[in-house]
Structures are given as structure tokens and as C-alpha cells.
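Participant: The structure's right below; bear with me while I get my questions together.
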Amino acid sequence: MKNIKEILPGIFAGLIFLAGCESEAVRKPPVTESENLNNLLAHAPISWINLNGVKVDTIFVPAEHIYEESLFVDNSLYVSQPTQLKTFSNHLITTDFVPGFVGSGNLVATGRNGIPVRTIGRSGQGPGEYVRPIAVMSNGTHLYIYDDGLKRVNVFDAEFSLVDTFEFTDAVNYKNRMKMNESYMAYQNRTATGLIAIDPDGYLLSVRPLADIDSVIFRAMPRIVPTGMQPGVYNNILISMNSHSEMLTGYLGLPYLFLYRDFQHTNTIVLESVQIDTTNNPSLRPTPPVGSSGVGISGILSHILLHDNSDILISSFRQLHHLKSNPNGGFGHYRTYCLIREDTGEQITTIREIDFFPDDPNRIYALGWGFLYEFRLPE
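Numbering (this note's numbering), first residue to last: 2 to 380.
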């Protein structure tokens, strides 16, 4: 039989652990000046992620994994200012910056080594052509390109041959607001977006099954600033969706993320840090617009990725935060990374888009300003 002195430390440790759990369990959801947002924050269990004082691991990106000069092959095959990135059929699919609302954005397939191998389609209004391609998506077997200029989607096979084109008018005309997996397409709904919304009581997030693209089977994320009021910029969302149809979404400029499993809101993530507290973003209190000027916000979440294993990568304030799911369905902070160019010693401060190939999920491909790069997540 163990001596009581040997047992007591374990008892005390257990009590401390339980006390910590109890403290976390009774913590109340954040309260904002938006009733819709407050209802959403109170709807599911919250994972509180405190980023203050976390250890930052440095990831050095070798020069051979930074694709900059290699993106130019000749005047007919190049990528100059990539804004989109999607892995597909052993290629990295990129779109170039499209000037204004009409222009000829390059659609280019590069190898995994960052060297362009071919263009996809061409500028125009015929089959497989485009005016303003702003979303690159894939269901694994086909490539879907949404053209906001022509309000349609072109579908290509693994050999980049056009196999289908269909009209699509519901998505917002901004990049990174459309995502896809093997079964579904998720996007920000145009009719609920904007200063004066066509559907002021509508939801910002819509999901359609690829097998029945004309039907909407799920809606979420209500407007948090009423139509006709400022700061309407908060009525924009980030979206990420993995192969298991888990979805992660959040409002621009706010430190909250919402996880949906099987189209049910199952968890909310609240990020906490000094940087977030000092952004001086405008209040959510609705105010009438003044003249024709808009209201700007500082981006708290530059990019999000929901991995197939339910890990989450968050680009925020020049760092990449790695969250891991825990057995109770919540999330905890795992690691924080700082990306450094090995050739110049400069920090890579921008992650415009990130993706990975299913056969090598820890190798991450990302877009910076004017270049593409890859790095491996530490084990």
C-alpha cells in the first residue's frame, strides 16, 4: 500500500487540473455590439487561444524553395503577381493579378518545382476563355475556375481540357471567397453582401453540392452590420474547407473562427493577443455612412487553412499559428512559426494563399508578394 505522502501530490495535481478545466468551462462568450455575432459566439463551445508570449519557432525557407525568377519562362508563359494558388493534378495552379474589373489574368500551371509548364485557357468570352478569373478550385479530379467577369465557371479535366461551363452569379466579386472539396462548393453569397444588400436578412456563407450545383443545401454566417450601415466591411468572410467537409470560417477584422462539422456549428475559436487588442479597428456599432467613403479595418486573419486532419493554420500579424484539435472537439495552440528566407535572412511576412498536396500534407505551398514558396511543417 502506498504511503499517503506519495498519494497527496497526485491528488493535488488532479485538483489543480480540474480547477483549471472548471475555470475554462465557465468562461463566458465575448460580448460585442452585434446581436447576430453575439448569438453566434454563444452557440457552440469555445476554444480560447492565448497567443501572448507563445514560443516562436523559426522555419528557414531555402533559396531553392523560393520561386521568384523561375516564374518567368518567356513572354507567353509567366506568373508576375500571383493572387491564387491551388494544388491540382501534380501542378500548382496560379492566377495573376487582374487589373480592375476587366483584364486578362494569367491562369498558369507550374510544376511542384515552381516552374511554369503551361497556361490554362485564354482571355476572351468563348468556351474555356475568361475575362476576370478570381477563384481556382478543385474537387480532386477536375479544376473549376470562377470567372467574375462573365459570371460563369469553367471546368477542366486533369489534362486541362475544357469539359463543362455553367453560369454562376451568386458569388462575390473578390478573391479567396470560394472553396471546394470532393463534394461541395462553399462561397460568400453576393446577395447578402455589400453596403446595400439585396437580401439584408440573408447569410454570407452558402454551400452547394457539386452533384446538384443549382441547389443550396446550407447557409451560415449572418450579416453582423445591418444593410445600409457602416462598418459594412465586417460583412465579409474567410472560408476554408477540408476533404471531410469540415468548414472553418470567420469575419474579416475579428479574432473569431467558427468550425462546422456535418453542417453543424460545433466549435468556436477565440484568439487573444496584445496585437489583436491594439488594432484600433472600428466598433461594430452600426452608423450611417458619411458621403461615399468606406470604413477600413486592419486584417487580423490574413489567411486560414483547415487541414484534412483538422489542424488549423492561421496567418496573422506576420506569423503562422498552428492549432491542433483535442479529443473533446475543441482546439489548442500547438506551435507558432516565423518564416525566414535563408538566402537573404528577411522574414516572409505575407501569406496570401496556402495549400498542400494530399500525398505530402506537411509540405506547405504559399504565395508571397510576387513569389511562390514552399516549406515543411515541423513534425
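All C-beta atoms in this analysis are idealised placements derived from N, C-alpha and C, irrespective of residue type, glycine included.
None of the values given here were measured: they were computed from a predicted structure.
1. What separation, rounded to the nearest whole angstrom, lies between the Cα atoms of I121 and P30?
2. According to DSSP, what are the bridge partners of H266?
3. Just the C-alpha distance for R353 and P256, rounded to the nearest angstrom, thanks.
4. Measure the beta-carbon distance from T95 to T111 and round it to whole angstroms, keeping in mind my assumption that it falls under 8 Å.
5. If you run the structure through DSSP and keep just helix, strand and coil, what is L368?
6. Could you check which residue in H266, M138, T170 has the C-alpha nearest to that of A159?
7. If L368 and P83 are in contact, beta carbons under 8 Å, what's the gap, nearest whole angstrom?
8. Taking 8 Å as the cut-off, decide whether the C-beta atoms of D149 and N174 are in contact.
9. Suppose you measure from the CA of E347 to the CA of I341; what does that come to, to the nearest Å?
10. Please state the DSSP three-state secondary structure of E34.
11. Write down the C-beta distance between Y338 and I355 rounded to the nearest angstrom, noting that I regard them as a contact closer than 8 Å.
12. Suppose the cutoff is 8 Å on Cβ atoms and the five residues either side in sequence are ignored; what does the same chain contact list for D309 look like?
13. Can you confirm whether the segment 257-275 touches the segment 70-83 when touching is taken to mean that 3 or more C-beta pairs between the two stretches lie within less than 8 Å?
14. Decide yes or no for the touch test of the segment 279-292 against the segment 30-42: beta carbon pairs closer than 8 Å, at least 3 of them.
15. Is it buried or exposed for K180, if we count other Cβ within 10 angstroms and need 16 for buried?
16. Counting beta carbon pairs with one atom in the segment 314-332 and one in the segment 45-56, are three or more of them shorter than 8 Å?
17. Taking D215 as the reference, which of M222, S207, A221 has the closest Cα?
18. Just checking my contact of T267 with L42 at CB under 8 Å: how many whole Å lie between their CB atoms?
19. For a minimum of 3 consecutive residues, which ranges assigned as the beta strand (DSSP E) are wholly contained in the segment 47-107?
20. Pull up the distance between the alpha-carbon of D97 and that of Q126, whole angstroms please.
21. Which of the three DSSP states is assigned to I277 in this structure?
22. Would you check if the distance between the CB atom of Y374 and the CB atom of V80 is smaller than 8 Å?
23. Can you tell me where the beta strand (DSSP E) with K152 in it begins and where it stops?
24. Just list the residues that DSSP pairs Q348 with in beta bridges.
25. How would you call V386, buried or exposed, if buried means at least 16 neighbouring beta carbons within 10 angstroms?
26. Using CA atoms only, rank isn't needed, just tell me which of V271, N281, D312 is closest to A45.
27. On the three-state DSSP scale, how would you describe V271?
28. Taking the beta strand (DSSP E) that Q189 falls in, what are its first and last residues?
29. How would you label S326, buried or exposed, when you count the other beta carbons within 10 angstroms and need 16 or more for buried?
30. Could you compute how far the alpha carbon of R377 sits from the alpha carbon of I67?
Facilitator: Short version:
1. If you number the sequence shown from 1, residue 121 lands on position 120. If you number the sequence shown from 1, residue 30 lands on position 29. Approximately 47 Å between the Cα atoms of the pair.
2. Position 265 of the sequence shown, counting from 1, holds the residue named residue 266. Partner(s): Y261.
3. As a working mapping, residue 353 is identified with position 352 in the sequence shown. As a working mapping, residue 256 is identified with position 255 in the sequence shown. Between the C-alpha atoms of R353 and P256 there is a straight-line separation of about 18 Å.
4. As a first step, residue 95 must be located in the sequence shown, where it is residue number 94. As a first step, residue 111 must be located in the sequence shown, where it is residue number 110. The C-beta separation of T95 from T111 comes to about 7 Å, placing the pair in contact by the 8 Å criterion.
5. Along the sequence shown, one-based indexing puts residue 368 at 367. Assigned with DSSP and collapsed to three states, L368 falls in strand.
6. Locating residue 159 in the sequence shown gives position 158, where the first residue counts as 1. Closest in C-alpha terms to A159, from the list H266, M138, T170, comes M138.
7. Numbered from its first residue, the sequence shown carries residue 368 at position 367. Numbered from its first residue, the sequence shown carries residue 83 at position 82. 5 Å between Cβ atoms; contact.
8. Working through the sequence shown from its first residue, we reach residue 149 at position 148. Working through the sequence shown from its first residue, we reach residue 174 at position 173. Remark: C-beta atoms of D149 and N174 approach each other more closely than 8 Å.
9. Numbered from 1 along the sequence shown, position 346 holds the residue referred to as residue 347. Numbered from 1 along the sequence shown, position 340 holds the residue referred to as residue 341. Looking at the two C-alpha atoms, the distance is approximately 6 Å.
10. Working through the sequence shown from its first residue, we reach residue 34 at position 33. Coil at E34, not helix or strand.
11. Taking the first residue of the sequence shown as 1, we reach residue 338 at position 337. Taking the first residue of the sequence shown as 1, we reach residue 355 at position 354. Their Cβ separation, rounded to whole angstroms, is 12 Å, which puts Y338 and I355 out of contact at 8 Å.
12. Here residue 309 is taken as the residue at index 308 of the sequence shown, counted from 1. Around D309: N243, S244, H245, P359, P362.
13. Using a Cβ-Cβ distance cut-off of 8 Å, the segment 70-83 and the segment 257-275 are not in contact, since fewer than three pairs of beta carbons, one from each stretch, lie closer than that value.
14. Because the criterion of three Cβ pairs below 8 Å is met, the segment 279-292 and the segment 30-42 touch.
15. Within the sequence shown, residue 180 is the residue found at index 179, counting from 1. Buried is the call here.
16. Output reads yes: the segment 314-332 touches the segment 45-56.
17. In the sequence shown, residue 215 corresponds to position 214, counting from 1. Out of M222, S207, A221, S207 has the C-alpha closest to the C-alpha of D215.
18. To locate residue 267, count along the sequence shown from 1; it is residue 266. To locate residue 42, count along the sequence shown from 1; it is residue 41. About 14 Å separates the CB atoms of T267 and L42; that is not less than 8 Å, and the two are not in contact.
19. Listed in chain order, the complete beta strand (DSSP E) runs (minimum 3 residues) inside the segment 47-107 are 47-51, 57-62, 73-75, 83-89, 92-97.
20. Looking up residue 97 in the sequence shown gives position 96. Looking up residue 126 in the sequence shown gives position 125. Taken atom to atom, the span from the alpha-carbon of D97 to that of Q126 is near 18 Å.
21. Position 276 of the sequence shown, counting from 1, holds the residue named residue 277. Secondary structure of I277 (DSSP, three-state): helix.
22. Counting from one through the sequence shown, the residue named residue 374 turns up at place 373. Counting from one through the sequence shown, the residue named residue 80 turns up at place 79. Contact annotation: Y374 and V80 have beta-carbon atoms that are not nearer than 8 Å.
23. For the purposes of this step, residue 152 is identified with residue 151 of the sequence shown, where counting begins at 1. Looking at the DSSP string, K152 is not in any beta strand (DSSP E), and its letter there is neither H nor E.
24. Against the sequence shown, residue 348 aligns to sequence position 347. Partner(s): I341.
25. Outside the displayed range of the chain (2 to 380) lies residue 386, so it cannot be described from this structure.
26. For this step, residue 45 is matched to residue 44 along the sequence shown. The residue among V271, N281, D312 with its C-alpha nearest the C-alpha of A45 is V271.
27. Numbered from 1 along the sequence shown, position 270 holds the residue referred to as residue 271. V271: strand per DSSP, three-state reduction.
28. Position 188 of the sequence shown, counted from the first residue, corresponds to residue 189. Here the beta strand (DSSP E) through Q189 covers 185-189.
29. For the purposes of this step, residue 326 is taken as the residue at position 325 of the sequence shown. Counting C-beta atoms within 10 angstroms of its own C-beta, S326 has 16 or more neighbours from the protein chains shown and is therefore classed as buried.
30. Locating residue 377 in the sequence shown gives position 376, where the first residue counts as 1. Locating residue 67 in the sequence shown gives position 66, where the first residue counts as 1. Straight-line Cα distance between these residues: approximately 13 Å.
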